[in-house]
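Residue numbers (the UniProt record's numbering): 1 to 148.
Using N, Cα and C, we set each Cβ at its ideal position, and we do this for glycine too.
Small disclaimer: the values here were computed from a predicted structure and weren't measured.
What follows is the structure, given as structure tokens:
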């Protein structure tokens, strides 16, 4: 597992990027209609199955529910290299907490990290290294995603 740690030297901009971007591992979980956050059917807008269960560091006893992240896989030939937007809608308990940060991505979201035509290939990998960044948005962003 690789984590980027903030450097003690460098520009403020470099340090900010290092703090925001992390390399971690993730794998897909079985899709469920609802999660521990109680959002109902997360296959519907505004989530559209672009979801993840987070370990305790992300789920935060429910305080992390709805948190949005940009994620992209970084070490696989099937990876598109383009970030996707996902929301925390569930808790990933147990072994997920053996890692400092863990995303259990929904199957659709996991496949979207791949190049066109590579969704099943991506899902078959099971566990891939990803880069993530917290994505702060407002209601306008959510509504524009819903209506577009």
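Ranked by Cα distance from residue 122, the options 44, 56 and 72 are led by 72. Its chain contains 114, 115, 118, 121, 122 and 125 as the residues whose beta carbon lies nearer than 8 Å to that of residue 78, once the 5 sequence neighbours on both sides are disregarded; these appear in chain order.
Counting only residues of its own chain and dropping the five nearest sequence neighbours on each side, residue 35 has a CB closer than 8 Å to the CB of 42, 51, 53, 89, 90 and 91.
In the structure shown, residue 82 falls within a coil segment according to DSSP collapsed to helix, strand and coil. For residue 103, the enclosing beta strand (DSSP E) has its first and last residue at 103-106. In the structure shown, residue 75 falls within a coil segment according to DSSP collapsed to helix, strand and coil. For residue 56, no beta strand (DSSP E) segment is defined; the enclosing uninterrupted segment is the alpha helix (DSSP H) at 56-59. The closest CA to that of residue 57, considering only 67, 48 and 38, is found on 67.
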